[in-house]
Amino acid sequence: MTFSWAPTVQAAPHPYPTVDVPDHAHYTIGAVILAIGITGMVGNFLVIYAFSRSRSLRTPGNMFIINLAITDFLMCATQAPIFFTTSMHKRWIFGEKGCELYAFCGALFGICSMITLMVIAIDRYFVITRPLASIGVLSRKKALLVLLAAWVYSLGWSLPPFFGWSAYVPEGLLTSCTWDYVTFTPSVRAYTMLLFTFVFFIPLIIIMYCYFFIFRAIRDTNK
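For what it's worth, my numbering labels the leading residue of the sequence shown as 85, then goes sequentially.
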């Protein structure tokens, strides 16, 4: 007897199809994601708790770190338990609206985490490479406005699938949902390419640029 690991979609009398992979693959992946999610929730909760208890930590720059901890906590809380549950059932069980809400939360919190990482990199870049010029520039009000812009930007990229530009659909082993990146209509392809460019590629380039010069500034200081 031979076993095939190639995932093939099976037709079934369920609202969503299943993927033909060994049961233990679903169980193992679900357990790993749950463990990562619990670790992330505990770790980020401790960060949030520490900042909430210590006034000295509530600096404008540290507000970005608090926001990152919040987005990561919400990401773990909304994704890991549901993914684990669907993995135990080996299919998506929460219906179309549940799929859309799950994917929307993953998109919103994931994008906001990425943008917050970029903001942290930019903030550290100015503090370390231009310390005198950056003194007193960032106030709590300005930091809050930056974070508000990050959330609005993330929301702007997360909402279009609800209005017909792309869609939120099951993906992978069909136990989770995300953007529709497998449909090759011009509209969906345009959304996917723009999303990749403005949510992942450009922020990643900015982060790499900032940390390259941060590293160089620290290296030059230590010479």
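All residues carry an ideal CB built from backbone N, CA and C; glycine is no exception.
Helix, strand or coil: which one does DSSP assign to Y252?
Reading the sequence shown from its first residue, position 168 is the one you call residue 252. Reduced to three states, the DSSP call for Y252 is strand.
List the endpoints of the continuous beta strand (DSSP E) containing S223.
Here residue 223 is taken as the residue at index 139 of the sequence shown, counted from 1. Element bounds for S223: n/a, residue is neither H nor E.
Would you call the stretch 210-228 in contact with the stretch 132-151, where contact means no fewer than 3 C-beta pairs closer than 8 Å?
yes
Report the three-state DSSP secondary structure of F235 (helix, strand or coil).
Mapped onto the sequence shown, residue 235 falls at position 151. The sequence given here places Trp at residue 235; Phe does not occur at that position. It is helical.
Quick one: give me the first and last residue of the alpha helix (DSSP H) that S271 is part of.
Here the question's residue 271 lines up with position 187 in the sequence shown. Element bounds for S271: 270-279.
Taking the alpha helix (DSSP H) that S218 belongs to, which residues open and close that run?
Residue numbering aside, residue 218 sits at position 134 when the sequence shown is read from its first letter. Here the alpha helix (DSSP H) through S218 covers 215-218.
Do T112 and L152 count as a contact pair if the criterion is CB distance below 8 Å?
Mapped onto the sequence shown, residue 152 falls at position 68. Mapped onto the sequence shown, residue 112 falls at position 28. No, the pair does not count as a contact, with Cβ atoms beyond the cut-off.
Please work out which residues of its chain come closer than 6 Å, Cβ to Cβ, to P97, disregarding the five sequence neighbours upstream and downstream, and give them in chain order.
Counted from its first residue, the sequence shown places residue 97 at position 13. Residue placement at P97 cannot be trusted, given a pLDDT of 47 that sits under 50; the coordinates are not used to answer.
Which value, in whole angstroms, describes the spacing of the CA atoms of S271 and A161?
On the sequence shown, residue 271 is found 187 positions in, with the first residue counted as 1. On the sequence shown, residue 161 is found 77 positions in, with the first residue counted as 1. Using only the alpha carbons, I get a separation of about 31 Å.
With a threshold of 16 other CB atoms inside 10 Å of the CB of Y293, please say whether the residue is buried or exposed.
Start at 1 with the first residue of the sequence shown, and residue 293 comes out as number 209. The residue in question, Y293, is exposed, as its Cβ has fewer than 16 Cβ neighbours within 10 Å.
Within its chain, find whatever has a CB closer than 8 Å to the CB of A234; leave out the 5 residues flanking it on each side and keep chain order.
Here residue 234 is taken as the residue at index 150 of the sequence shown, counted from 1. Answer for A234: N151, C196, I199, T200, V203, listed in chain order.
For V211 and W241, believed in contact at Cβ under 8 Å, the rounded distance:
Here residue 241 is taken as the residue at index 157 of the sequence shown, counted from 1. Here residue 211 is taken as the residue at index 127 of the sequence shown, counted from 1. Rounded, the Cβ-Cβ distance is 28 Å, inconsistent with contact.
Could you tell me if V93 is buried or exposed, where buried requires 16 or more neighbouring beta carbons within 10 angstroms of its beta carbon?
For the purposes of this step, residue 93 is taken as residue 9 along the sequence shown, with counting starting at 1. Here the model assigns V93 a pLDDT of 43, short of 50, so the residue's position is not dependable, and the following value carries that caveat. It is exposed - the Cβ of V93 has fewer than 16 other Cβ atoms within 10 Å.
For S260, does the three-state DSSP call read helix, strand or coil?
On the sequence shown, position 176 is the one that residue 260 refers to. Strand at S260.
Suppose contacts are defined by Cβ-Cβ distances below 8 Å. Is T262 in contact with F167 by that definition?
Against the sequence shown, residue 262 aligns to sequence position 178. Against the sequence shown, residue 167 aligns to sequence position 83. No. Outside cutoff.
Can you name, in chain order, every residue of its own chain whose Cβ lies under 6 Å from the Cβ of L192, other than the five neighbours on each side?
Taking the sequence shown and counting its residues from 1, the one referred to as residue 192 is at position 108. For L192, where only same-chain residues beyond five positions count, the Cβ hits under 6 Å are S238, S242.
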